[in-house]
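Q: Before we start, here is the structure in question, set down as C-alpha cells.
Rendered as C-alpha cells:
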C-alpha cells in the first residue's frame with residue numbers, strides 16, 4: 019500500500035488511479051477513502067487521475083492523538099500534493115473535506131489547483147452564534163460526542179437511515195441496499211474514537227465564512243435538500259453565495275450520502291465540471 023509521511027510524521031494511506039488531470043477526492047468525517055469507489059473508478063476510466071486518501075485517524079492511516087483541526091488537515095493535503103507533485107488539480111471536498119479544501123486554498127494558495135467542487139460540504143459555518151442565529155446549538159455536538167463515547171457502534175448504526183435517506187426516511191425503503199449502507203457506515207468504526215470526536219468538533223465549530231468568500235477558483239457547489247449532517251439551509255446555498263461566480267446545483271430530495279444514493283448523477287456532474 020502506498021503511504022505518504024506528513025510533516026508531523028503521520029503516515030497516510032492513499033490510492034492513485036488512472037492518468038490525466040488529477041482529481042483529489044476528500045471524504046466525510048469518519049468514513050475513509052473507500053466511500054469514493056463509485057466516483058474514483060468512474061473518473062479514472064474516463065481519462066482522469068483520481069487520488070483518494072484516508073484522513074489521519076481514519077481507515078488505514080495512522081491515528082495520532084492530536085491534529086484534527088483544519089490547519090493540520092490542510093497541511094496533510096499539502097504534503098500529499100507535494101509528494102505527488104500535483105498540478106492543475108481539481109479538489110473535490112465532501113462534507114468536512116470541503117472545509118479541508120477551503121483551508122488548504124486559504125493557507126497554501128491555488129498554485130497546484132485549477133478548480134474546486136464542494137459536495138455536501140459543511141462550509142461555511144454550522145454553529146449558532148449571535149451573527150449566525152440559524153446555526154446549530156453546541157448541545158447537539160455535545161450529545162453526539164457523548165454517544166460516541168458510550169456506544170460508537172450504535173451511534174453509527176443510528177446514523178445510517180438519515181445519512182442515506184434523509185430526516186423522514188423509511189428504514190425499509192432506502193435508496194441504497196441495506197448491505198451497502200451497513201458496509202459504508204461500518205468503515206466509520208475503523209476511525210479512532212478520538213479522531214471521530216475531534217473531526218466533528220472541527221467541522222461543527224469552525225467559522226469559515228471569510229476564507230470561503232476569498233475563493234476565486236471556478237467552483238461547483240452541490241448539495242442535497244434533505245441533508246441532515248450538513249443542513250441545506252446552512253451550507254450549500256450559503257457557500258455558493260460567498261464564492262463569486264460559483265455554480266450551485268441543488269439535488270432535490272438528496273440526503274447527505276448522495277455519493278452513493280445519487281452516484282450516477284454526481285459522477286456525470288463531476289466529470290462535466292472537470293473536463294469543461
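Numbering (this note's numbering), first residue to last: 19 to 294.
Heads up, the beta-carbon is just placed ideally off N, CA and C, and yes, glycines get one too.
(1) How many whole angstroms separate the CB atoms of residue 153 and residue 244, which I take to be in contact at a CB cut-off of 8 Å?
(2) Which complete alpha helix (DSSP H) runs does the region 173-239 hold, if anything under 4 residues is left out?
(3) Would you tell me roughly how many angstroms separate the C-alpha atoms of residue 237 and residue 21, rounded to the nearest one?
(4) Let's see if you can read the secondary structure: which residues bound the alpha helix (DSSP H) around residue 255?
(5) Just to confirm the assignment: which complete beta strand (DSSP E) runs, minimum length 3, are found wholly within the region 109-183?
(6) Identify which residue in 281, 175 and 231 has its Cα closest to the Cα of residue 261.
(7) Just curious, the alpha helix (DSSP H) that residue 91 is in, first and last residue?
(8) Where residue 80 and residue 47 are concerned, what is the direct C-alpha to C-alpha distance, given to the nearest angstrom?
(9) Which term fits residue 130, buried or exposed, when burial requires 16 or more other beta carbons within 10 angstroms of its beta carbon?
(10) Where does residue 283 fall in DSSP's three states?
(11) Quick check on residue 35: does DSSP put it in helix, strand or coil?
(12) Could you tell me whether the Cβ atoms of residue 247 and residue 274 are closer together than 7 Å?
(13) Is the Cβ-Cβ distance between residue 67 and residue 36 less than 7 Å?
(14) Runs of 3 residues minimum, wholly inside the region 49-75: which ones carry the beta strand (DSSP E) assignment?
(15) If distances are taken between C-alpha atoms only, which option among 144, 233, 96 and 98 comes closest to residue 114?
(16) Using a threshold of 7 Å, state whether the C-beta atoms of residue 12 and residue 72 are closer than that.
(17) Taking DSSP's pairing of strands, which residues face residue 40 in a bridge?
(18) Where does the unbroken beta strand (DSSP E) through residue 23 begin, and where does it stop?
(19) Pairs of beta-carbons, one from the region 168-184 and one from the region 198-212, closer than 8 Å: are there three or more?
(20) Taking just the CA atoms, how far does residue 111 sit from residue 250?
(21) Between 118, 54, 93 and 166, which has its C-alpha nearest residue 211's C-alpha?
(22) Residue 264 to residue 199, Cα distance in whole Å?
(23) For residue 25, which of 57, 89, 52 and 259 has the nearest alpha-carbon?
A: If we stick to the structure as given:
(1) Not a contact, Cβ separation roughly 19 Å.
(2) 196-204, 211-223 and 227-231
(3) 29 Å
(4) 254-260
(5) 131-137
(6) The shortest Cα separation from residue 261 among 281, 175 and 231 belongs to 231.
(7) 88-102
(8) 15 Å
(9) buried
(10) Reduced to three states, the DSSP call for residue 283 is helix.
(11) strand
(12) yes
(13) yes
(14) With a minimum length of 3 residues, the continuous beta strand (DSSP E) runs that stay inside the region 49-75 are 66-71.
(15) 144
(16) Here the chain covers residues 19 to 294 and nothing more, so residue 12 does not appear.
(17) 67
(18) 21-23
(19) Yes: at least three Cβ pairs fall under 8 Å.
(20) 16 Å
(21) Of the listed residues, the one whose Cα sits closest to residue 211 is 166.
(22) 32 Å
(23) 89
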